[in-house]
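Peer 1:
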Amino acid sequence: MSKAQAFPTMVTPFNRDGSVDYGAARAMVDWYHEKGCGGIFATCQSSEIFNLTVAERVKLTKTVVDRAAELSSLHPDKPRLTVVASGHISDSFEDQVYELQSINAVGIDTLILISNRMDIANTGDEAWIADTTRLMDALPDMPLGVYECPSPYKRLMSDKMLTFCADSGRFYYMKDTCCDAALMAHRVKLIEGTPMKLYNANAQTLLETVRSGASGYCGVMCNFHPDLYVWLCENFEKEPEKADVLQSALSMAAFTEALAYPVTAKYHLKEIIGLPLSDIFTRKRPAADLTEYNVLCIRQMELLAEEMRKLIR
360 MSKAQAFPTM
370 VTPFNRDGSV
380 DYGAARAMVD
390 WYHEKGCGGI
400 FATCQSSEIF
410 NLTVAERVKL
420 TKTVVDRAAE
430 LSSLHPDKPR
440 LTVVASGHIS
450 DSFEDQVYEL
460 QSINAVGIDT
470 LILISNRMDI
480 ANTGDEAWIA
490 DTTRLMDALP
500 DMPLGVYECP
510 SPYKRLMSDK
520 MLTFCADSGR
530 FYYMKDTCCD
540 AALMAHRVKL
550 IEGTPMKLYN
560 ANAQTLLETV
570 RSGASGYCGV
580 MCNFHPDLYV
590 WLCENFEKEP
600 EKADVLQSAL
610 SMAAFTEALA
620 YPVTAKYHLK
630 EIIGLPLSDI
640 FTRKRPAADL
650 TEYNVLCIRQ
660 MELLAEEMRK
670 LIR
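Residue 360 is where the sequence shown starts when you use the numbering used here, and the numbers rise one by one after that.
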């Protein structure tokens with residue numbers, strides 16, 4: 360089995376005036392790289408793509424791609440960060456093509472299609488496949504992926520939709536948000552023998568799914584303790600007992616996702632990790648949502664993460 364990998368769903372740092380802080384974004388790429396992540400999902404729901412302009416989505420993605428390339432040159436002994444990105448949020452076909460072509464032009468490794476942007480009215484598998492085929496025909500011949508983004512509504516992939524993607528030979532990546540370990544094991548079997556790989560977005564089911572053949576984790580919690588997810592993905596077969604204990608801790612920690620995310624992630628990156636974020640501002644929700652209770656939970660989670668690091672040393 361090839362080594363599983365951890366991909367953070369990158370949050371977008373902002374300046375105090377509300378503009379995107381591209382310098383902080385570069386520092387975040389450095390941190391993900393230092394912690395051993397296999398790649399970055401550069402523009403996704405965690406990045407607040409529904410609150411970014413097309414120009415901001417493109418520049419943010421380019422910032423990540425460029426910094427990943429620089430790090431590869433600076434550290435030739437370490438694997439290069441894979442950069443995947445989405446960013447098509449429009450309803451119209453023409454606008455989606457423009458968004459996707461613009462994102463792809465900056466040199467990403469895989470272009471991710473959001474599952475609810477095809478057949479927006481959710482009329483059925485055949486309509487989704489027809490819309491996806493039309494979109495594929497309008498795009499350059501680059502590696503594609505699919506993301507079951509929860510917003511504006513979650514469109515889970517049916518067997519028919521997933522088989523279509525896998526058998527096309529164009530799809531290499533799936534960010535799975537079904538949170539169902541048995542279904543993910545079934546999906547892994549469906550895409551077996553194709554270029555497509557499944558990355559689980561749900562922390563609680565991660566260990567069970569990588570043991571069933573999933574290719575790793577792509578989720579929110581890599582903005583808090585990515586090194587622990589990297590270790591689990593790389594060592595779950597070699598050290599199964601430690602993996603079981605670590606998984607239990609990660610499961611409990613991941614329930615903090617229900618707090619004021621992504622404000623909590625920005626607080627953690629700025630105040631606990633010490634990255635040079637100008638502010639914890641988000642466009643999605645007010646910073647005031649970061650209550651004392653939220654801060655207490657995030658700081659307790661960091662203490663738990665430190666204990667887990669002692670376990671796996």
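Glycine included, each C-beta is placed from N, C-alpha and C at the ideal position.
So, does the region 603-618 touch the region 651-668, judging by three or more C-beta pairs under 8 Å?
Peer 2: Contact holds: three or more Cβ-Cβ distances are below 8 Å.
Peer 1: Cβ of threonine 492 within 8 Å of Cβ of alanine 525?
Peer 2: In the sequence shown, counting from the first residue as 1, residue 492 sits at position 133. In the sequence shown, counting from the first residue as 1, residue 525 sits at position 166. With a cutoff of 8 Å on beta-carbon distance, threonine 492 and alanine 525 are scored as not near each other.
Peer 1: Along the beta strand (DSSP E) that carries threonine 441, what are the first and last residues, could you check?
Peer 2: Position 82 of the sequence shown holds residue 441. Segment 441-444, the beta strand (DSSP E) holding threonine 441.
Peer 1: In the DSSP assignment, the beta strand (DSSP E) including glutamine 364 goes from what residue to what residue?
Peer 2: What you label residue 364 is simply residue 5 of the sequence shown in a count that begins at 1. From DSSP, the beta strand (DSSP E) with glutamine 364 extends over 364-367.
Peer 1: Classify tyrosine 512: buried if its beta carbon has 16 or more other beta carbons within 10 angstroms, exposed otherwise.
Peer 2: For the purposes of this step, residue 512 is taken as residue 153 along the sequence shown, with counting starting at 1. Flag for tyrosine 512 reads exposed.
Peer 1: Do you know offhand how far methionine 360's Cα is from asparagine 374's?
Peer 2: Residue 360 sits at position 1 when you count from the first residue of the sequence shown. Residue 374 sits at position 15 when you count from the first residue of the sequence shown. At methionine 360 the pLDDT is 43, less than 50, meaning the model places this residue with poor confidence; the figure from the coordinates comes in the next sentence. So the alpha carbons of these two residues sit roughly 43 Å apart.
Peer 1: Using a Cβ-Cβ cutoff of less than 8 Å, which residues in the same chain neighbour leucine 472 once the five nearest sequence positions on both sides are dropped?
Peer 2: In the sequence shown, residue 472 corresponds to position 113, counting from 1. So the list reads Ser445, His447, Leu459, Thr491, Leu494, Leu503, Gly504, Val505, Tyr506, once near-sequence residues are dropped.
Peer 1: For methionine 520, does the three-state DSSP call read helix, strand or coil?
Peer 2: Translated into positions along the sequence shown, residue 520 becomes position 161. Here methionine 520 sits in helix by DSSP.
Peer 1: If we require 3 or more residues per run, which beta strand (DSSP E) segments fall completely within the region 569-656?
Peer 2: 575-578
Peer 1: Relative to the C-alpha of phenylalanine 344, which residue among Ile657, Glu593, Tyr620, Ser610 is closest?
Peer 2: Residue 344 cannot be examined here, being either before or after the span of the chain that is shown, 360 to 672.
Peer 1: What do you get for phenylalanine 583, buried or exposed, if any count of 16 or more other CB atoms within 10 angstroms of its CB means buried?
Peer 2: By one-based count along the sequence shown, residue 583 stands at place 224. Buried is the call here.
Peer 1: Tell me whether arginine 672 is buried or exposed, calling it buried when 16 or more other Cβ atoms sit within 10 Å of its Cβ.
Peer 2: Along the sequence shown, one-based indexing puts residue 672 at 313. Answer is exposed; the Cβ neighbour count stays below 16.
Peer 1: Once you ignore the five residues that flank arginine 426 on each side, which residues in its own chain have a CB closer than 6 Å to its CB?
Peer 2: Locating residue 426 in the sequence shown gives position 67, where the first residue counts as 1. Arg385, Val388, listed in sequence order.
Peer 1: On the criterion of 16 or more Cβ atoms from any shown chain inside 10 Å, does threonine 412 qualify as buried, or is it exposed?
Peer 2: Working through the sequence shown from its first residue, we reach residue 412 at position 53. Exposed, because fewer than 16 other Cβ atoms sit within 10 Å of the Cβ of threonine 412.
Peer 1: Are the region 513-532 and the region 473-490 touching, with three or more C-beta to C-beta distances below 8 Å?
Peer 2: yes
Peer 1: For methionine 360, name the three-state secondary structure that DSSP assigns.
Peer 2: Within the sequence shown, numbered from 1, the residue matching residue 360 stands at position 1. Confidence at methionine 360 is low in this model, with a pLDDT of 43, below 50, so the placement of that residue is unreliable and no value is reported for it.
Peer 1: Return helix, strand or coil for lysine 556, following the three-state DSSP convention.
Peer 2: Position 197 of the sequence shown, counting from 1, holds the residue named residue 556. Secondary structure at lysine 556: strand, using DSSP grouped into helix, strand and coil.
Peer 1: Can you give, in chain order, each stretch of the alpha helix (DSSP H) that sits fully within the region 438-514 and has at least 4 residues?
Peer 2: Here the runs fully enclosed are 452-463, 484-497.
Peer 1: Please identify the residue among Val547, Leu565, Leu542, Cys508 whose C-alpha is closest to the C-alpha of alanine 602.
Peer 2: Within the sequence shown, the letter at position 243 stands for residue 602. Measuring from the Cα of alanine 602, the nearest candidate turns out to be Leu565.
Peer 1: With DSSP run on the structure shown, which of helix, strand or coil describes valine 423?
Peer 2: The residue given as residue 423 occupies position 64 in the sequence shown. Valine 423: helix per DSSP, three-state reduction.
Peer 1: Which first and last residues belong to the beta strand (DSSP E) in which isoleucine 399 is found?
Peer 2: Numbered from 1 along the sequence shown, position 40 holds the residue referred to as residue 399. First-last of the beta strand (DSSP E) with isoleucine 399: 398-400.
Peer 1: Whole angstroms are fine: how far does the CA of valine 442 sit from the CA of phenylalanine 400?
Peer 2: As a first step, residue 400 is located in the sequence shown; it is residue number 41 there, counting from the start. As a first step, residue 442 is located in the sequence shown; it is residue number 83 there, counting from the start. C-alpha separation (whole angstroms): 6 Å.
Peer 1: Tell me the rounded alpha-carbon separation between cysteine 396 and aspartate 436.
Peer 2: As a position in the sequence shown, residue 396 is number 37, starting the count at 1. As a position in the sequence shown, residue 436 is number 77, starting the count at 1. Using only the alpha carbons, I get a separation of about 14 Å.
Peer 1: Quickly, what does DSSP pair lysine 534 with across the bridge? List them, please.
Peer 2: Reading the sequence shown from its first residue, position 175 is the one you call residue 534. Paired residues: Tyr506, Tyr558.
Peer 1: Just the Cα atoms here: how many angstroms apart are aspartate 535 and serine 431?
Peer 2: By one-based count along the sequence shown, residue 535 stands at place 176. By one-based count along the sequence shown, residue 431 stands at place 72. Approximately 28 Å between the Cα atoms of the pair.
Peer 1: In this structure, how does DSSP classify valine 379 when only helix, strand and coil are distinguished?
Peer 2: Residue numbering aside, residue 379 sits at position 20 when the sequence shown is read from its first letter. Note: valine 379 maps to strand in three-state DSSP.
Peer 1: In the DSSP output, what is phenylalanine 373 paired with across the bridge?
Peer 2: Position 14 of the sequence shown, counted from the first residue, corresponds to residue 373. Answer by DSSP bridge pairing, in chain order: Val379.
Peer 1: Nearest-angstrom Cα distance between proline 372 and glycine 466?
Peer 2: Along the sequence shown, read from residue 1 onward, the residue named residue 372 stands at position 13. Along the sequence shown, read from residue 1 onward, the residue named residue 466 stands at position 107. Computed Cα separation, rounded: 21 Å.
Peer 1: Assuming valine 423 and methionine 477 make a contact with CB atoms under 8 Å, what is their CB distance in whole Å?
Peer 2: The sequence position of residue 423 within the sequence shown is 64, counting from 1. The sequence position of residue 477 within the sequence shown is 118, counting from 1. Between the beta-carbon of valine 423 and that of methionine 477 there is about 25 Å, and that puts the pair past the 8 Å contact cut.
Peer 1: How far does the alpha helix (DSSP H) with leucine 549 in it reach, from first residue to last?
Peer 2: For the purposes of this step, residue 549 is taken as the residue at position 190 of the sequence shown. Its alpha helix (DSSP H) spans residues 540-550.
Peer 1: With distance defined between alpha-carbon atoms, name the residue in Ile632, Ala560, Ala608, Glu596 nearest to serine 405.
Peer 2: Here residue 405 is taken as the residue at index 46 of the sequence shown, counted from 1. Of Ile632, Ala560, Ala608, Glu596, the residue nearest in Cα terms is Ala560.
Peer 1: Using C-beta distances below 6 Å, list every residue in its chain close to leucine 605, excluding the 5 sequence neighbours before and after it, in chain order.
Peer 2: On the sequence shown, residue 605 is found 246 positions in, with the first residue counted as 1. Answer for leucine 605: Leu591, Met667, listed in chain order.
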